[in-house]
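S.K.: Residue numbers (this note's numbering): 1 to 158.
Printed below as a string of structure tokens:
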């Protein structure tokens, strides 16, 4: 039998976040996306700034370009996060700009989703209370999962 390492203890979800809601007043919305890193790299090579400046925020580009060997995988993970956000928050075909969805990397390495402009306005109007983001990349693929807590219309905290 294999000796398996202990699983890390996951942080507790802050129950205070949902304390204003009854259990039937909130829903969990989830979006996931998988991106081929080499396709993002080819888009950067082929279209350059026209591609990167349309899709990514200045902070996302600064972080990605701070390590040229990792640039494509960093951009691919962020592209996947934006696609996952569109899915989780039902924002596709709503005229949301790519830069209205931003992956913000904190000093400790964890990333959060920051919504701006139309994405933020639609999320608030649709009752989005909180989002969570997970990014990963391995080999030629990057993936992102976005989870959102959404309050039902008319819910106490909405």
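Glycine included, C-beta positions come from ideal geometry on N, C-alpha and C. Computed from a predicted model, the values in this text were never measured in an experiment.
So, helix, strand or coil for residue 44, using DSSP?
M.R.: In the structure shown, residue 44 sits in a helix (DSSP, three-state: H, G or I).
S.K.: In whole angstroms, what separates the C-alpha of residue 147 from that of residue 153?
M.R.: If you take the alpha carbons of residue 147 and residue 153, they lie about 19 Å apart.
S.K.: Determine the extent of the alpha helix (DSSP H) in which residue 72 is found, giving its start and end residues.
M.R.: Element bounds for residue 72: 71-88.
S.K.: Which same chain residues end up closer than 7 Å to residue 128 when comparing Cβ atoms and leaving out the 5 residues on each side of it in sequence?
M.R.: Result list for residue 128: 89, 148, 150, in chain order.
S.K.: When you compare only the Cα positions, how much space is there between residue 95 and residue 87?
M.R.: Cα-Cα distance, rounded: 14 Å.
S.K.: Please list, in chain order, all residues of the same chain as residue 73 whose beta carbon is under 7 Å from its beta carbon, the five residues on each side excluded.
M.R.: 37, 137, 142, listed in sequence order.
S.K.: How many Å lie between residue 83 and residue 98 at the Cα?
M.R.: Straight-line Cα distance between these residues: approximately 9 Å.
S.K.: Check whether the Cβ atoms of residue 78 and residue 51 sit closer than 8 Å, and answer yes or no.
M.R.: No, the pair does not count as a contact, with Cβ atoms beyond the cut-off.
S.K.: How about residue 93 and residue 115: do their beta carbons lie closer than 8 Å?
M.R.: Contact: no.
S.K.: Name the two residues that bound the continuous beta strand (DSSP E) containing residue 52.
M.R.: That residue, residue 52, is in no beta strand (DSSP E); its alpha helix (DSSP H) goes 49-55.
S.K.: Would residue 121 be called buried (16 or more neighbouring beta carbons within 10 Å of its own) or exposed?
M.R.: Exposed: under 16 other Cβ atoms inside 10 Å.
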